[in-house]
Structures are given as C-alpha cells and as structure tokens.
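Student: Here it is: the structure, laid out below.
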Amino acid sequence: MDFQLADEHRMLQEMIRDFVEKEVKPRAAEVDREHKFPREAIEKMGPLGLLGLNIPEEWGGAGSDTLATAILYEELGRGCGSTALTVEAHLSLGSAAINLFGSDMLKEKFLTRLATGEILGALSLTEPGAGSDLKGGVRTKAEKVGNEWIINGSKMWTTNASVAGVIVFLVRTDPAGGSRSLSMIAVPTDTPGLIIHPAERKMGLHGCKTHAVTLEDVRVPLEYLVGEEGRGLHQALAVLDGGRVGIGALSVGLAQAAFEEAVKYAKEREAFGGPIANLQAIQFKLADMSTMIEVARWAIYRAAWLKDQGLPYSQAAAQAKLFATEMADKVCFEAIQIHGGYGYSAEFPVERIYRDNRLMLIGEGTSEINRLVIARHVLRN
Amino acid sequence: MRYLVCIKQTPDTAELPKISPEEAASGKLSVNLVVNPWDEHAIEAGLQLMENYGGTTGAVTVGEEGAIDALRSALAMGCKDATLVKHDDEIDAWGVAELLAAAVRHDGDVDVVLTGQMTVDGNSGAVPVALARKLGWPVLTGVAKVVELTDDSITVERVVGQARLTVKAPTPVVVSVIKEIGEPRYPTFINIRKAARVKIPELTAEELGVDVPAPVVHMSNFRKPPARDAHVKLFEGTPQEAAAALIDALLEEKVL
Ligand SMILES: Cc1cc2nc3c(=O)[nH]c(=O)nc-3n(C[C@H](O)[C@H](O)[C@H](O)COP(=O)(O)OP(=O)(O)OC[C@H]3O[C@@H](n4cnc5c(N)ncnc54)[C@H](O)[C@@H]3O)c2cc1C
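Okay, here's the thing in structure tokens:
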C-alpha cells in the first residue's frame, strides 16, 4: 500500500493547480455569467499535453494514465466546472471511444489531432427518447450504401458538439434490435447534413456547450465505423465506465472548491460576537465536509488505479462516481448554508458550484443507474 | 552555446504569512517549498536563449537534498539537465557564490550564467554580483531583454529606474534578469514525466575542490512587522459633505 502520489503525478498536480489558479479560476464567474466557452484556457492546455493526457504517445498523446486524468479533472473542477466538463467530454468520452476501439486509420486521422487539442472530441449517445435505456431507445440509424454509411436521426445533449472537430455517434445498424444492433460511427463536424442546434439553456455549466444534433442523410466512409459493427452498446458502456471516474473526480474538485469557500467565509463572517467558525454547529459541518471529500477522493483514486492495473474496475468506478457526486451535492448544500443569504447570491462562487455539480448526478449514468450497476455486481458475487 | 541557470528553493510566498519569526530564525520551515519566483523568470530566459540561439540550458542549485524538487521543476519547464550542489550548513551569499562559481567551472564552457534578481527569503540580490566577482566575469543586472547573443558577446536591455539602457558585454557573462524577460512557461506533461524519472547528479564542495568560506553575515535579529490595522470609515451627510470629509481624511492620512 502506498497512499502518496508518485513524483510524476505530484508534479502534474502542482502544474495543473498553478495553471488553474492563473488561467481558469479567475474566469469561472464570467464563464458562467456570460455563458462563455472558455476557449483561451482550453487552447493553452493543448501544448502542455493536458488534452491528450492519457492518449498513447504513438498517437501524439502524453501517454499517462487514468489517475493522471482524475487529477486533471479534480483540479480543473476546483477552478471551473464548465472548463472541466468540456475537457472531460473531449478526453474521456469522444477521444476515449476512438482510443479504445478505433482502427489505426481512425487514430491517425482523428486521435492524433484530438491528442494535441487541434480538435476537440464529443460522444453522442443520448436521444430524445433514449438516455439510460440506450439499447431499447436509440433510433438514429445508419445504413450501408455502397462504400458509405448514410446516417439519419436526432441526438440530444451532445456536450462539445459545436466546438468539436469530430463526434462519435451511437447508431442502430441492425433494425432487428437486440444488444448487437448498435454501432459507433465517427462523423467529422463539417460533414454536410450534420446540424448542430443552439446550445441548450441549462441550470449550470453555462460555459460548457451541450447541443441537440440532427443527422440528415449524413454520409461518411464505411471505415469511420469505430470498433466492431454490432458492438456499439458494449463499447459505449466501456467508455462510460472510464468516464465515471472522470465525473467523480470532477465532483471532488467542485466539492473541494465549495469547501474552501466555506472555510474562508466561516472565518470572516461574524455573528454573536465572533467568527461563525467558532460555533460548533459550523465546525461540525466543516468536519463532515472535509471527511466526505477525503473519502470520495480516495475512492476515485482507487477506481483509477484499478483501471490502470488492468483489473476489473466497473463496480469501483460506479461506486466512486455515485459517492463522489452525491457527496459534492451535500458539501455544496452545506457550503451555501454556511454562507447564509450570501450563499444564495450569484456574487459568491458557492451558488455556481452547487448548480454546476448537479449535472454530475445525471450525466454518464444517473445515480439510479449507478446503483443498478453496483447492485448487479453485489448480487452476482 | 551553454547556459546555466542558478536557482534557489524558497518558501512559497503565499505561505510566508504563516511563518512565525521563531520558525524563520531557526531556518527550519515547515511550509511548502518552491522555486524562488524570480528564478522562474531566469529559467524562462535560459529556455528562450536555447530556443533562439541553440545550445543547452542547465539548472544548478546550492541546497539540501530536498532542493532536488526545485531542480525537477526546472527540468519540467524544459531545462536539459540539472545539478545539485549539496550543502547543509549555514551559508551566506558569498559562500553560495563560491560554490556556484565552482559549479560553473566544473560545468565546462558556459557562455551565459543566468540568475533571478533576488530571492524572496534572502532578499539580498548579492549572489549574481558575488558570483561574477568570483568568476572574474562581467555582470549585467536588471536585464529585461536579450537583444542579441553572438559567439563572444551579449547585448541586453537593462532597466534602471525609469530608463532603459542597451549595453553590450563580452561573454562569458553573468546576467540577472527581471520579470519583464518573460512569463515563466508552464511545464509540459512530457517534460514532467522526464523530470520525475531522471536521476539528478549531486556534487559537494569537496568534489568541487573548494572551501566554503564561513559566513561573514549573521542574522542577529528577525522580526515580523506588526499586522496592519485596517478599518472602514463611512462618511455621512450630503454627497458634498461626505466628499469634503473624505478629502480631509485622505489629507490627514497623507494619501493626498
Ligand atoms: C449537461 C448535460 C450534458 C450531457 N452530455 C452528454 C453527452 O455528451 N453525450 C451523451 O450521450 N449524453 C449526454 N448527456 C445526457 C445524459 O447522459 C442523460 O441525460 C442521462 O444518461 C440520463 O438520461 P435521460 O436524460 O434520458 O433520463 P432517463 O433515462 O429518461 O431517466 C429519467 C429518470 O429515470 C431513472 N431511471 C431510468 N432508468 C432506470 C432504471 N432502469 N432503474 C431506475 N431508475 C431509472 C433515471 O435515473 C432518472 O432518474 C448530457 C446531459 C446533460 C444534462
């Protein structure tokens, strides 16, 4: 057992923390208020190797591991939820699908550019009628005509669609249905017939752009199939297993930020003759918050470590994601409580952080779906 | 061309307020240690020289074993090599300069030695000058820009108060830079990975063949300024009255 980060990860953490303090956190309020895509910060991350952190070096990435990405999302989340989710959807969803399952041709064509941040990635699974139930719900269909796929349908909630260079879609390739009827296909965003609708208006994560997408006779070469025909659902679930570690890490970062704001405020705010940090009711809240954050952080690190060791990690990832995202909801709730009325004000960051975290209990497997996944593992053993 | 950047590990300035005078006087600080912020600009200058004029940039520090971390940061930013000159005992600027001069000679044909303008803990700014004296090289301080580097000379812009001087000196030379030389770059992940894995060579005074002079400067007293007492004053009355009262108060405080 070793509960210390190795030099490589520790130095990465220091570098990202420094980067976030200077380039990300100071803009978080504006990104939220103005619904502004954090382009500058994202563009600066490419040359540092952060946008291809766990993509193998042979494809132009930095060749690091899942733990490194967990550190990345945690530190980004501590500065700005919108920036963090943009990077997570790029790296752990869009790029991961091609990295895990794409052919060498697709990697050469897309992954090498995703790895450097020349283009961003996105993964589009969800549809108006299909979220948790992808198997039964996905209607977007792709047909083989000559040496092309022709794709038609509508997708919902595709994070990064408007800023991405390529989107990996989950589509039905066999109208018969069943678990082998879905496949993944990569579509460059400048393909005719691909219509990206205006960004959704959301509760939080205002700088992170999420869109409905319509595909009207979109044609791409047959080789743009990602992985195997008929294995799309399994591949999507495998990508989501990894994504859960990312979302959980992001929530740890959001919770950490809310906690730090709460500590600062509790020391400054005076009531009944002293700082409210002297009140035991407030102290107990802070104690619980820091405890939960610490537990969640190690659950995330452990899930990442299992994945990096090549050990089964699906249950650990679901547990860590479930715990970390719900923990962050509670921590943000208490951070607002400690701020009193000011916590409800858009002038203080805790209000934004609370809204930003709310998605984490829904995206990449709702809390309920994660409980299902965990229960299946628990009952199987 | 060969450039050597002299760096020091210092407390993180964000943590300085937490240090008590007793802790500071003891020299044993339980705070986060980082590369002296001024020296980060010197590293940046060294990397720019490497990019613009070719050659290699190395980093060197005089310090305890833990100072290896500062060297790793320099490697992560892009320095090609790093050397620790190990020294655990009390030392002043003159002693540091002695060790650095020996390290520079040991390195071989160095063209430009770079340093920051001062350290955030020592604050003397004496090391670059002392180092040049020991090496018998010219020293250029307050350097904001390197205009040109040739095989045997360097032309730089120095900032002196409100003025700027363009000066030329023969190389080898000691150059101490100011912030304006350039924002220190972030380390790239590839460099972090290399830095984390490399074994950093260590040298001692003995191996360098020098005697470290006993410190000639001793700290006899160390105290923190009393915390500044800040307060808020609200002026009442009509805007004219409030403005008049504000001006009186500012005059009284000698702000105006
Ligand atoms: C900001 C944002 C960004 C997103 N980004 C992406 C993206 O980049 N790519 C993408 O493909 N999708 C994305 N999504 C979609 C997201 O993954 C889905 O919203 C999520 O999977 C839930 O699907 P749904 O909304 O259709 O809800 P439903 O599946 O309809 O679920 C509704 C409710 O029923 C519950 N439920 C459903 N099935 C079960 C069950 N079997 N047992 C118990 N409870 C159940 C759910 O937990 C939930 O509470 C994003 C969503 C948002 C809000």
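For the record, the sequence lines run as chains A and F. Each number in the numbering used here corresponds to the 1-based position in the first sequence with 1059 added. Each number in the numbering used here corresponds to the 1-based position in the second sequence with 38 added. Just so it is clear, CB atoms sit at the ideal spot from N, CA and C, and this is done for glycine as well.
Assign Q1368 (chain A) to buried or exposed, taking buried as 16 or more other Cβ atoms, counted over all protein chains shown, within 10 Å of its Cβ.
Tutor: Start at 1 with the first residue of the first sequence, and residue 1368 (chain A) comes out as number 309. Under this definition Q1368 (chain A) is an exposed residue.
Student: From the DSSP secondary-structure annotation, give me the bridge partner or partners of S1242 (chain A).
Tutor: Indexing the first sequence from 1 puts residue 1242 (chain A) at position 183. Per DSSP, A:V1230.
Student: State the CB to CB distance for the pair R1303 (chain A) and E1147 (chain A), rounded to an integer number of angstroms; the pair is presumed to be in contact (CB under 8 Å).
Tutor: Here residue 1303 (chain A) refers to the residue found at position 244 of the first sequence. Here residue 1147 (chain A) refers to the residue found at position 88 of the first sequence. That belief does not hold up - the Cβ atoms of R1303 (chain A) and E1147 (chain A) are roughly 11 Å apart, past 8 Å.
Student: With DSSP as the reference, identify every bridge partner of A1330 (chain A), one or two as the case may be.
Tutor: On the first sequence, position 271 is the one that residue 1330 (chain A) refers to. Partner(s): A:G1333.
Student: List the residues of chain F whose Cβ lies closer than 8 Å to the Cβ of A1155 (chain A), in chain order.
Tutor: Position 96 of the first sequence, counted from the start, is the residue given in the question as residue 1155 (chain A). Ordered by position in chain F, no residue passes the 8 Å Cβ test against A1155 (chain A), which lies about 17 Å from the chain.
Student: With distance defined between alpha-carbon atoms, name the residue in A:F1078, A:V1354, A:I1101 and A:D1300 nearest to F1062 (chain A).
Tutor: As a position in the first sequence, residue 1062 (chain A) is number 3, starting the count at 1. When C-alpha distances from F1062 (chain A) are compared across A:F1078, A:V1354, A:I1101 and A:D1300, the shortest belongs to A:V1354.
Student: Quick check: is any heavy atom of ligand 3 less than 7 Å from the C-beta of K1261 (chain A)?
Tutor: For ligand 3, the structure offers nothing, since it holds only ligand 1.
Student: Count the other CB atoms, across all protein chains shown, that sit within 10 Å of the CB of H269 (chain F); report buried if there are 16 or more and exposed otherwise.
Tutor: Along the second sequence, one-based indexing puts residue 269 (chain F) at 231. By the beta-carbon neighbour count (other beta carbons within 10 angstroms, threshold 16), H269 (chain F) is exposed.
Student: First and last residue of the alpha helix (DSSP H) that includes D1276 (chain A)?
Tutor: Taking the first residue of the first sequence as position 1, residue 1276 (chain A) is located at position 217. Where D1276 (chain A) is concerned, there is no enclosing alpha helix (DSSP H), although the beta strand (DSSP E) it sits in stretches over T1269 to P1280.
Student: Who are the Cβ neighbours of W1364 (chain A) in its own chain at under 7 Å, not counting the five residues just before and after it?
Tutor: Here residue 1364 (chain A) refers to the residue found at position 305 of the first sequence. Excluding positions up to five away in sequence, the list reads L1126.
Student: Any heavy atom of ligand 1 closer than 7 Å to the CB of L1184 (chain A)?
Tutor: Taking the first sequence and counting its residues from 1, one reaches residue 1184 (chain A) at position 125. Flag set: Cβ of L1184 (chain A) near ligand 1.
Student: Got a sec: is the Cβ-Cβ distance from I238 (chain F) to anything in chain A below 8 Å?
Tutor: Here the question's residue 238 (chain F) lines up with position 200 in the second sequence. For I238 (chain F), the answer is no, since every Cβ of chain A falls outside 8 Å of its Cβ.
Student: Three-state secondary structure (DSSP) at T94 (chain F)?
Tutor: To locate residue 94 (chain F), count along the second sequence from 1; it is residue 56. Here T94 (chain F) sits in strand by DSSP.
Student: Which runs of the alpha helix (DSSP H) spanning at least 4 residues fall entirely within the segment 64-144 of chain F, listed in chain order?
Tutor: With a minimum length of 4 residues, the unbroken runs of alpha helix (DSSP H) contained wholly in the segment 64-144 of chain F fall at 75-91 and 106-115.
Student: Going by the DSSP bridge assignment, what does S1183 (chain A) pair with across the sheet?
Tutor: The residue given as residue 1183 (chain A) occupies position 124 in the first sequence. In the DSSP output, where bridge partners are listed per residue, S1183 (chain A) has A:F1228.
Student: Taking C-beta pairs closer than 7 Å, name the residues in chain F that P1097 (chain A) reaches, listed in chain order.
Tutor: The sequence position of residue 1097 (chain A) within the first sequence is 38, counting from 1. Neighbours of P1097 (chain A) on chain F: none; closest Cβ ~16 Å, over 7 Å.
Student: According to DSSP, what are the bridge partners of P44 (chain F)?
Tutor: If you number the second sequence from 1, residue 44 (chain F) lands on position 6. The question names Pro, but residue 44 (chain F) is Cys in the sequence shown. In the DSSP output, where bridge partners are listed per residue, C44 (chain F) has F:V98 and F:T153.
Student: State whether the segment 1306-1321 of chain A contacts the segment 1267-1274 of chain A, with contact taken as three or more CB pairs (one from each stretch) at a distance under 8 Å.
Tutor: no
Student: For a contact defined as C-beta to C-beta under 9 Å, what are the partners of Y91 (chain F) on chain A?
Tutor: Taking the second sequence and counting its residues from 1, one reaches residue 91 (chain F) at position 53. Those within 9 Å of Y91 (chain F) in chain A number zero; the least Cβ separation is about 22 Å.
Student: Since A108 (chain F) meets chain A, which of its residues come closer than 9 Å, beta carbon to beta carbon?
Tutor: In the second sequence, residue 108 (chain F) corresponds to position 70, counting from 1. In chain order: nothing, as chain A lies at least about 12 Å away.
Student: Please report the residue range of the alpha helix (DSSP H) in which G1136 (chain A) lies.
Tutor: The sequence position of residue 1136 (chain A) within the first sequence is 77, counting from 1. Segment T1125 to G1138, the alpha helix (DSSP H) holding G1136 (chain A).
Student: When DSSP labels each residue in this structure, what does A268 (chain F) get in the three-state scheme?
Tutor: Taking the second sequence and counting its residues from 1, one reaches residue 268 (chain F) at position 230. A268 (chain F): coil per DSSP, three-state reduction.
Student: Indicate, with yes or no, if ligand 1 has a heavy atom lying under 7 Å from the CB of I1421 (chain A).
Tutor: On the first sequence, residue 1421 (chain A) is found 362 positions in, with the first residue counted as 1. Checking every heavy atom of ligand 1 against the Cβ of I1421 (chain A), one is found closer than 7 Å.
Student: Give a yes or no on whether the C-beta atoms belonging to V98 (chain F) and V123 (chain F) are separated by under 8 Å.
Tutor: Along the second sequence, one-based indexing puts residue 98 (chain F) at 60. Along the second sequence, one-based indexing puts residue 123 (chain F) at 85. Result yes, Cβ atoms of V98 (chain F) and V123 (chain F) sit closer than 8 Å.
Student: Heavy atom of ligand 1 less than 7 Å from the Cβ of W1216 (chain A), yes or no?
Tutor: Here residue 1216 (chain A) corresponds to residue number 157 of the first sequence, with the count starting at 1. Indeed, a heavy atom of ligand 1 lies less than 7 Å from the Cβ.
Student: Any chance the CB of A1297 (chain A) is under 7 Å from a heavy atom of ligand 1?
Tutor: Translated into positions along the first sequence, residue 1297 (chain A) becomes position 238. Checking every heavy atom of ligand 1 against the Cβ of A1297 (chain A), none is found closer than 7 Å.
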